[in-house]
């Protein structure tokens, strides 16, 4: 995995962030062919999400590398 400076604008990547209580969270995200950001879930489903959320919480982004 390779850390990048900002949220990717295409493909699949991981967002990682830290809550105020020190707990770490992450989500696997993917841009679809229509420009929607999707959260990919372990059960194979996905849902659309707001990309601004991840910047607002100070996420770091990682791509396969």
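Numbering (this note's numbering), first residue to last: 300 to 364.
Even for Gly, the Cβ is constructed at its ideal location relative to N, Cα and C.
In this text the structure is predicted, and so the values were computed from the model without any measurement.
Top-ranked residue by Cα proximity to residue i, from the options
i           : options            : result
residue 362 : 318, 325, 319      : 325
residue 322 : 356, 360, 364      : 356
residue 338 : 358, 359, 312, 318 : 312
residue 310 : 317, 318, 331, 303 : 331
Straight-line Cα distance separating residue j from residue i
i           : j           : result
residue 348 : residue 334 : 11 Å
residue 308 : residue 343 : 22 Å
residue 315 : residue 352 : 12 Å
residue 346 : residue 320 : 27 Å
residue 359 : residue 301 : 11 Å
residue 328 : residue 305 : 14 Å
Beta bridge counterpart(s) of residue i as assigned by DSSP
i           : result
residue 324 : 316
Closer than 6 Å: residue i CB and nearest the ligand PLP heavy atom
i           : result
residue 345 : Judged by which ligands are present, the structure shown has none, so any question about the ligand PLP falls away.
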